Amino acid sequence: MSNDELFEELRAIGLDPRRYAIAGSGPLGVRGIRQINDVDLLCDDGLFAELERTYGRHEGAVSISSTIEAFGSSSFPRDPDVPTVAEQIASAEMIDGLPFVSLDAVLAVKRSKRRPKDLEDIEALRAWLEQRSAAP
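In our numbering, the protein residues as written are 196 to 331.
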């Protein structure tokens, strides 16, 4: 499934874009930095509770579909080096009608986790930002 198809699947669900933000690698996918495999949503506590009642909760997440998962502030431990879920939603950037967490927040999360895929994403984002700053 292409990045665009994943985002179209999310649009079809019809969630209020003021109540969530696309996180994880989604902000990289929308910018064409890399292909993504799924869409991770950070949701305000009320929306997360609604989704949990509708879809159930498994290991901290709500699976809305096979490619869309929702997370709330209670889904993971608080990391002081990463903006809160509420802060990430509040500072989300609207791109093509969907809210995406800021690239600064993406970097904070990926630097904190430091898994191999996060390190790859950090490097890809660094190269993308460097290329954009060099463009006329």
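Even glycine gets a Cβ: it sits at the ideal position worked out from N, Cα and C.
No experiment lies behind these values; they were computed from the predicted model shown.
- Note the first and the last residue of the continuous beta strand (DSSP E) segment covering Leu146. Outside the displayed span of the chain (196 to 331) sits residue 146, for which this structure offers no information.
- Would you kindly report the start and end of the unbroken beta strand (DSSP E) that includes Asp235? 234–238 is the span of the beta strand (DSSP E), which, as asked, contains Asp235.
- Task: Kindly indicate the opening and closing residues of the beta strand (DSSP E) around Glu288.
- Result: Counting along the chain, the beta strand (DSSP E) containing Glu288 begins and ends at 288–290.
- Query: According to the Cβ coordinates, are Asp233 and Ile263 closer than 8 Å?
  - Reply: Closer than 8 Å, so yes.
- Reduced DSSP secondary structure (H/G/I, E/B, other) of Val277: Under the three-state reduction of DSSP, Val277 is assigned to coil, being neither helix nor strand.
- Task: Over the uninterrupted beta strand (DSSP E) stretch that includes Ser307, give me the two end residues.
- Result: According to the DSSP assignment, Ser307 belongs to no beta strand (DSSP E) but to the alpha helix (DSSP H) extending over 298–308.
- Query: CB Ile217 to CB Leu293, shorter than 8 Å?
  - Reply: Against a cut-off of 8 Å, the Cβ pair of Leu293 and Ile217 comes out as a contact.
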